[in-house]
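Below you'll find the structure, written out as structure tokens, and then a few comments.
Residue numbers (the working numbering): 568 to 741.
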């Protein structure tokens with residue numbers, strides 16, 4: 568099947584929750600099958616194609632740059648890391664939102680995407696019942712799946728990769 572669209576995922580969550588590590592781990596797994604562009608910590612990278620991003624923002628606005636890549640058909644997946652769910656200039660198809668499972672869980676707006684309760688290894692030290700936490704977060708969501716993860720040890724990573732690939736396949740069917 569010929570790819571017709573690009574999946575743009577917002578990677579959101581509080582500081583130090585694992586957003587950059589998530590992108591790194593997923594890219595390591597998917598880069599041999601897909602062309603991936605990443606905007607993280609103000610650094611723009613593209614895997615697998617001969618593409619050199621502009622050296623300065625004067626060359627081209629970053630939003631325009633990502634939109635051009637999105638429309639080019641050369642990119643399968645774009646990760647856009649941002650701290651929270653604030654409106655962004657870059658439209659995303661879905662969001663992966665990370666929460667620290669050992670911290671107090673904020674109330675989240677209803678999301679379309681995936682919620683990761685990360686750092687589950689630390690939650691056990693704080694005597695947090697992970698099943699209860701997962702059920703509480705899931706109860707507030709209509710369209711988001713909730714997974715328990717420990718990205719430091721790759722726990723739950725394969726489920727995240729499967730979710731991303733399912734979304735890539737669904738784009739091609741539209």
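Here a beta-carbon is modelled for each residue, glycine too, at the ideal position from N, C-alpha and C.
Delimiting residues of the alpha helix (DSSP H) encompassing residue i
| i | result |
| --- | --- |
| residue 704 | 697–706 |
| residue 662 | That residue, residue 662, is in no alpha helix (DSSP H); its beta strand (DSSP E) goes 661–667. |
| residue 593 | 586–597 |
Simplified DSSP assignment, three categories, for residue i
| i | result |
| --- | --- |
| residue 690 | helix |
| residue 685 | strand |
| residue 644 | strand |
| residue 724 | helix |
Cβ separation of residue i and residue j, assumed to be a contact under 8 Å, to the nearest whole Å
| i | j | result |
| --- | --- | --- |
| residue 588 | residue 718 | 5 Å |
| residue 657 | residue 681 | Actually they are not in contact, since the Cβ atoms of residue 657 and residue 681 sit about 18 Å apart, beyond 8 Å. |
| residue 731 | residue 714 | Incorrect: roughly 12 Å between the Cβ atoms, too far for contact. |
Sub-9 Å separation of residue i and residue j beta-carbons
| i | j | result |
| --- | --- | --- |
| residue 643 | residue 594 | no |
| residue 745 | residue 710 | Any property of residue 745 remains undetermined from this structure, which presents the chain solely from 568 to 741. |
| residue 648 | residue 596 | no |
| residue 580 | residue 665 | yes |
| residue 645 | residue 605 | yes |
Beta strand (DSSP E) segment containing residue i, residue limits
| i | result |
| --- | --- |
| residue 602 | No beta strand (DSSP E) contains residue 602, which DSSP labels as neither H nor E. |
| residue 710 | 710–715 |
| residue 575 | 574–579 |
Meets three-Cβ-pair contact criterion under 8 Å: the stretch 684–695 and the stretch 595–603: The stretch 684–695 vs the stretch 595–603: no contact.
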